[in-house]
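Undergrad: Per our numbering, residue 1338 is the first one in the sequence shown, and the count goes up by one each step. Glycine included, each C-beta is placed from N, C-alpha and C at the ideal position.
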Amino acid sequence: MTDTPSPDFELALATHAAGVETTLDKLLSVHLLPGEIARPENLMRAIRHGVLNGGKRLRPFLIIESAALFDAGNEAAMRVAAALECIHCYSLIHDDLPAMDNDDLRRGQPTVHRAFDEATAILAGDSLLTYAFDIIADDATELSASTRLSLVQSLARAAGLGGMAGGQALDLAAEKVKPDEAGIVTLQAMKTGALIRYACEAGAIIGSASIEERERLGEFGSAIGLAFQLADDLLDATSNAITLGKAAGKDADAGKGTLVSLHGIEWTRKQLKGLVDQANEILAPFGERGAMLKHAAEYIAYRTS
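1) Residues in the same chain with beta-carbon distance under 8 Å from N1617, minus the five sequence neighbours each way, listed in chain order, please.
2) Looking at the strands, I want to know which residues DSSP matches up with P1447.
3) Here's a check: name, in chain order, each residue in its chain whose Cβ is nearer than 8 Å to the Cβ of L1492, leaving out the five neighbours to either side.
4) Between L1365 and L1460, how many whole angstroms is the CB-CB distance? I'm expecting something under 8 Å.
5) Under 6 Å Cβ to Cβ from F1332, same chain only, skipping five residues before and after it: list those, please.
6) Does the structure place the region 1512-1519 close enough to the region 1559-1566 that three or more beta carbon pairs sit under 8 Å?
7) With burial defined as no fewer than 16 other Cβ atoms inside 10 Å of the residue's Cβ, what is the status of A1638: buried or exposed?
8) Which runs of the beta strand (DSSP E) fall wholly inside the region 1415-1439 and span at least 3 residues, in chain order?
9) So, helix, strand or coil for M1338, using DSSP?
10) Which residue from G1504, E1479, D1573 puts its Cα closest to that of S1642?
11) Is it buried or exposed, V1388, if we count other Cβ atoms within 10 angstroms and call 16 or more buried?
12) Which term fits I1602, buried or exposed, when burial requires 16 or more other beta carbons within 10 angstroms of its beta carbon?
13) For the 8 Å Cβ check, are there 3 or more pairs between the region 1368-1377 and the region 1427-1444?
14) Is G1544 helix, strand or coil by DSSP?
15) Nearest to G1611 by CA position, among H1386, A1560, T1359, is which residue?
16) Quick check on E1643: does DSSP put it in helix, strand or coil?
17) Just the C-alpha distance for A1621 and D1345, rounded to the nearest angstrom, thanks.
18) Should E1479 go down as buried or exposed, given a rule of 16 or more other Cβ atoms within 10 Å for buried?
19) DSSP state of D1362, grouped into three classes?
20) Near Q1525, what residues of its chain come up, given a Cβ to Cβ distance below 6 Å and the 5 sequence neighbours on each side ignored?
21) For S1487, collect the residues of the same chain with a Cβ closer than 6 Å to its Cβ; drop the 5 residues on either side in sequence, then sort them by chain order.
22) Going by Cα to Cα distance, which pick from L1369, A1354, D1441 is closest to R1416?
23) How many angstroms separate the CA atom of A1585 from the CA atom of M1437?
24) Taking Cβ positions, are A1496 and A1502 nearer each other than 9 Å?
25) At the level of alpha carbons, what is the spacing between K1583 and G1445?
26) Look at the alpha carbon of H1386 and the alpha carbon of R1451, and state the distance between them as a whole number of angstroms.
27) Could you spell out where the alpha helix (DSSP H) holding V1597 opens and where it closes?
28) When the Cα atoms are used, what is the spatial distance from A1550 to V1357?
29) Which residue from E1378, G1391, L1348 puts its Cα closest to that of T1359?
30) Would you tell me roughly how many angstroms separate the C-alpha atoms of M1338 and E1512, rounded to the nearest one?
31) Here's the rule: buried if 16 or more other CB atoms are within 10 angstroms of the residue's CB, otherwise exposed. What is K1528?
Here you go:
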């Protein structure tokens, strides 16, 4: 167990993040696509504020590295990665709204509804959600039509009512009635884990992997998705707003049930180690090709922000 990421992983994460940032910058420009009438200036400013703000781009990283296991072309993977980041950023913009988590800070900057207004933040999220599917479906994402369809369908299910959006609904309900342990695990698998699982599966879809390989990457995604949420809850309980770049201690303040509040900090740290071991075991058949994803699992579990 280590809380220090390997230099190779840090370089890869930064390199992929820069590539995704460049792709997003182009996609979120004033340039109109066929069929578009106009891109309102204020809305575009709000979208770019919510997306181009220095995030780690971890989910895109997982797509790119999972696709690399199958020697898949980087350009298509990069566009799918950018699409997933649009979904992720839309979810953050909406989660931060007063009607949801009511946050003022995101990645150390004012949240979109604070920097602009609530209505603009809602529309920015709506725009990013729909644009994500446009990006994948576009012929510019140079994959077969059947592959793009599979990516779109899988993303819709990961992001929608049976995935991330449904998980946010459960999270809001948890402020009123604390769920039991099984309920917490389901909530976290939906709200956080679904998109992380998708990121890993998407790489296998892009790479035309076998059903078995796709399922294996999905299992890996589920393991690190749970690790991500456990680490997030641990940070919320033990860190501060300056370190996190967002408010800390919000779960306790809201009275939300988490596995950390249920079992304690030491139990959570042991679970994180177990999830990293599980992730490494899942990746074993890929040999050295899976090294970067193994580093990602450690980074997710032992991150400090």
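TA: If we stick to the structure as given:
1) K1631, A1634
2) L1442
3) A1420, L1421, I1424, A1469, F1470, I1473, Y1535, A1539
4) Not quite, the Cβ-Cβ distance comes to about 14 Å (not below 8 Å), so this is no contact.
5) A query on residue 1332 cannot be resolved here, the shown segment of the chain reaching from 1338 to 1642 and no further.
6) no
7) buried
8) none
9) Bear in mind that a pLDDT of 47 at M1338, under 50, signals an unreliable position, so the model cannot answer this.
10) D1573
11) buried
12) exposed
13) no
14) coil
15) A1560
16) Since the displayed the chain opens at 1338 and closes at 1642, residue 1643 lies outside it and no answer follows.
17) 19 Å
18) exposed
19) helix
20) Q1566
21) I1542
22) A1354
23) Because the pLDDT at A1585 is just 47, under 50, the model does not fix this residue reliably, and the point stays unresolved.
24) yes
25) At K1583 the pLDDT is 48, less than 50, meaning the model places this residue with poor confidence and gives no usable figure here.
26) 11 Å
27) 1596-1600
28) The identity of residue 1550 in the sequence shown is Glu, whereas the question assumes Ala. In a straight line, the C-alpha of E1550 is about 25 Å away from that of V1357.
29) G1391
30) Caution is warranted here: a pLDDT of 47 is assigned to M1338, below 50, making its placement in the model unreliable, and the coordinate value is therefore given only provisionally. So the alpha carbons of these two residues sit roughly 33 Å apart.
31) buried
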